[in-house]
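Take a look at the structure set out below.
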Amino acid sequence: MRSRYSAFVLGKLDHVERTHAPEVRGDFNRAEAERTIGEVEWLGLEVRRAREDGDQGSVEFAIRFRRNDQDLSQYEAADFRRIDGQWYYAGGKTSASHPPVHVVKTGRNDPCHCGSGKKFKKCCGA
Amino acid sequence: MERRFRCTACGKCCFGQIPLTLGEMLDHSGRFPLAMVWRAVPKGTRAYALTERLGTPTRIQKTRTVAVSIVPTAYLPPSMACPELTPEGQCGIHDGKPLRCRTMPFYPFRDASDQAELLRPRQGWLCDIGETAPVVYRDGTIVDSHDFDVERKALLAQSDAMRTYFDYVVRYMPWVLDNLPATIGNQEGGVVTSLSSFLTACKPVDTKAIAARQQLVMERFAAKTADIEGLEAYHRNFAGWAKEMAYLAS
């Protein structure tokens, strides 16, 4: 996945195209990617979460870039699959912003989230 | 109730975007800069049932059900005349002009019974709706509906291709849906997606030839819109799309 980001930054789109899993390779809009690499200044890749389960993997990441004098970011939860020892991009869920953050409510008698070891009601929840 | 209408060939409706059918989009690919224009029609409004047949029902903003129409479009700025409008104000391709131009002022994206308000000339248009103009609409029925029927039929015939494209965009460009609420009730508005995304999703057999023709058209329109105040976004699109077409043509 990092190699795919690096390939975008370096304009090496052959690498991006050949690391698409066969079922999504035809969906890659290479023409748009070719145009994009000339217009975008890449600002960074942040991997938020990565999981691996046998030959299945998933990576949640955010990319930041600058286009038309605007700082933009894009978030994606991407699926990867290993075929003959090589990881391939197999699709994902993209959004222009971050997915909603789920707030977990701490019960009054649960351990406090500050890590003190006290009950929430005796600590930060007091 | 009878409504009268006669076109005076004032040329005022020959400016800005021209909705095309899918077949026309490909036929005219050497003529117009092409893009796909998305609009949402909310459930509960008059045009909903028809838009659902022509397009795709979906949910936006979690709770709002809308029908989405995607229209292949000659993507011209509102201030720009059709490239085929002659200096004499006539249509340069009259015999082969798009169905949308033929059917004017009727509009088959709305029910035949819902056309009355389209017969009122828009501001600045010189349509004749006086006593001597022929009756074209009577009791919610179009008197001569030939062009309307042909255009409607073409729109229905392309609905499967548009659904394929809709699914592609939802999967790979979901932010397009996020921008749809702004198009509701806004006749002029619409979310624009590129021809390259449509060609990638639907893969017409003659993609390469279409792209080669579009590359030249896009370059022409990028030049036409360069350094014109208010058209910066159009210019950027044309220039960028020209590069995309150059790749697809190669």
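Which chain is which? The protein sequence lines are A and B, in order. Just so you know, we're using my numbering here: the first sequence kicks off at 1 and counts up by one. Just so you know, we're using my numbering here: the second sequence kicks off at 1001 and counts up by one. Beta carbons: idealized from backbone N, C-alpha and C, even for Gly.
State the CB to CB distance for the pair residue i and residue j, rounded to an integer number of angstroms; the pair is presumed to be in contact (CB under 8 Å).
i                 : j                 : result
Tyr1247 (chain B) : Arg30 (chain A)   : 7 Å
Leu1191 (chain B) : Thr1183 (chain B) : The question names Leu, but residue 1191 (chain B) is Val in the sequence shown. Right, the Cβ-Cβ distance comes to about 6 Å (below 8 Å), so this counts as a contact.
Leu1279 (chain B) : Thr1225 (chain B) : Residue 1279 (chain B) cannot be examined here, being either before or after the span of chain B that is shown, 1001 to 1250.
Thr1008 (chain B) : Leu1126 (chain B) : 5 Å
Thr1056 (chain B) : Val1037 (chain B) : With a Cβ gap of about 14 Å, Thr1056 (chain B) and Val1037 (chain B) do not count as contacting.
Phe28 (chain A)   : Glu46 (chain A)   : Contact doesn't hold; Cβ gap of about 23 Å is too wide.
Tyr1137 (chain B) : Leu1119 (chain B) : 6 Å
Arg1004 (chain B) : Val1135 (chain B) : 6 Å
Arg1064 (chain B) : Pro1042 (chain B) : 7 Å
Tyr89 (chain A)   : Arg4 (chain A)    : 6 Å
Gly1016 (chain B) : Leu1076 (chain B) : 6 Å
Gly1023 (chain B) : Ala1154 (chain B) : 7 Å
Lys118 (chain A)  : Asn109 (chain A)  : Not a contact, Cβ separation roughly 11 Å.
Near residue i, what residues of its chain come up, given a Cβ to Cβ distance below 6 Å and the 5 sequence neighbours on each side ignored?
i                 : result
Ser116 (chain A)  : Cys123
Gly1089 (chain B) : Gly1011
Leu1177 (chain B) : Ile1060
Arg49 (chain A)   : Glu60
Gly57 (chain A)   : Phe80
Val9 (chain A)    : Trp42
Thr1051 (chain B) : Val1041, Ala1067 and Ser1069
Ser1113 (chain B) : Gly1140
Ala7 (chain A)    : His15 and Val16
Gln1123 (chain B) : none
Go ahead and pull the three-state DSSP assignment for residue i.
i                 : result
His1235 (chain B) : helix
Val9 (chain A)    : helix
Tyr1165 (chain B) : helix
Asp1072 (chain B) : It is worth fixing the name first, because residue 1072 (chain B) is Pro in this sequence and not Asp. Three-state DSSP puts Pro1072 (chain B) in a strand.
Lys119 (chain A)  : strand
Ala1226 (chain B) : coil
Glu1117 (chain B) : helix
Gly1096 (chain B) : helix
Ala1067 (chain B) : strand
Met1104 (chain B) : coil
Thr1183 (chain B) : helix
Val1143 (chain B) : coil
Thr1058 (chain B) : strand
Glu17 (chain A)   : helix
Gly44 (chain A)   : strand
Met1088 (chain B) : Here residue 1088 (chain B) turns out to be Glu, not Met, going by the sequence shown. Correct three-state label for Glu1088 (chain B): coil.
Val1217 (chain B) : helix
Arg1171 (chain B) : helix
Ala126 (chain A)  : coil
Asp1128 (chain B) : strand
Ala1009 (chain B) : coil
Asp1160 (chain B) : helix
Please list, in chain order, all residues of the same chain as residue i whose beta carbon is under 8 Å from its beta carbon, the five residues on each side excluded.
i                 : result
Leu1156 (chain B) : Arg1053 and Leu1054
Phe969 (chain B)  : As displayed, chain B neither begins before 1001 nor continues past 1250, which places residue 969 (chain B) out of reach and without an answer.
Glu1151 (chain B) : Thr1021, Leu1099, Arg1100, Arg1102, Thr1103 and Pro1108
Met1245 (chain B) : Leu1195, Ser1196, Ala1211, Ala1212, Gln1214, Gln1215 and Met1218
Can you have a look at residue i and say buried or exposed, based on whether 16 or more other CB atoms are within 10 angstroms of its CB?
i                 : result
Arg66 (chain A)   : exposed
Lys1203 (chain B) : exposed
Asn1237 (chain B) : buried
Ile1018 (chain B) : buried
Ala1201 (chain B) : buried
Ser1079 (chain B) : exposed
Ala1222 (chain B) : buried
Glu1229 (chain B) : exposed
Cys114 (chain A)  : exposed
Ala1049 (chain B) : exposed
Ala126 (chain A)  : exposed
Trp1175 (chain B) : exposed
Arg1046 (chain B) : exposed
Met1025 (chain B) : buried
His1028 (chain B) : buried
Over what stretch of residues does the alpha helix (DSSP H) that includes residue i continue unbroken?
i                 : result
Thr36 (chain A)   : Arg30 to Glu39
Met1025 (chain B) : Leu1022 to Asp1027
Arg25 (chain A)   : Pro22 to Arg25
Tyr1275 (chain B) : Residue 1275 (chain B) lies beyond the range of chain B shown here (1001 to 1250); nothing can be said about it.
Phe1198 (chain B) : Leu1195 to Cys1202
Leu1177 (chain B) : Trp1175 to Asp1178
In the DSSP assignment, find the unbroken beta strand (DSSP E) run with residue i in it and report its ends.
i                 : result
Gly92 (chain A)   : Gln86 to Ser95
Asp1149 (chain B) : Premise fails: Asp1149 (chain B) lies in the alpha helix (DSSP H), His1146 to Ala1157, not in any beta strand (DSSP E).
Val1136 (chain B) : Val1135 to Arg1138
Asp79 (chain A)   : Gln70 to Ile83
Phe61 (chain A)   : Gln56 to Arg67
Ala1040 (chain B) : Leu1034 to Pro1042
Glu1002 (chain B) : Glu1002 to Arg1004
Whose C-beta lies closer than 7 Å to the C-beta of residue i among residues of the same chain, with five residues either side of it excluded?
i                 : result
Thr1086 (chain B) : Gly1092
Val1143 (chain B) : Val1135, Val1136 and Tyr1137
Should residue i be listed as close to the ligand ZN, given that the test is whether its C-beta is under 7 Å from any heavy atom?
i                 : result
Thr1045 (chain B) : Absent from the structure shown: the ligand ZN. Ligands present: none.
What are the residues in the region 7–20 of chain A lying within 9 Å of chain E by C-beta distance? Judged by its chain identifiers, the structure shown contains no chain E, and its protein chains are A and B.
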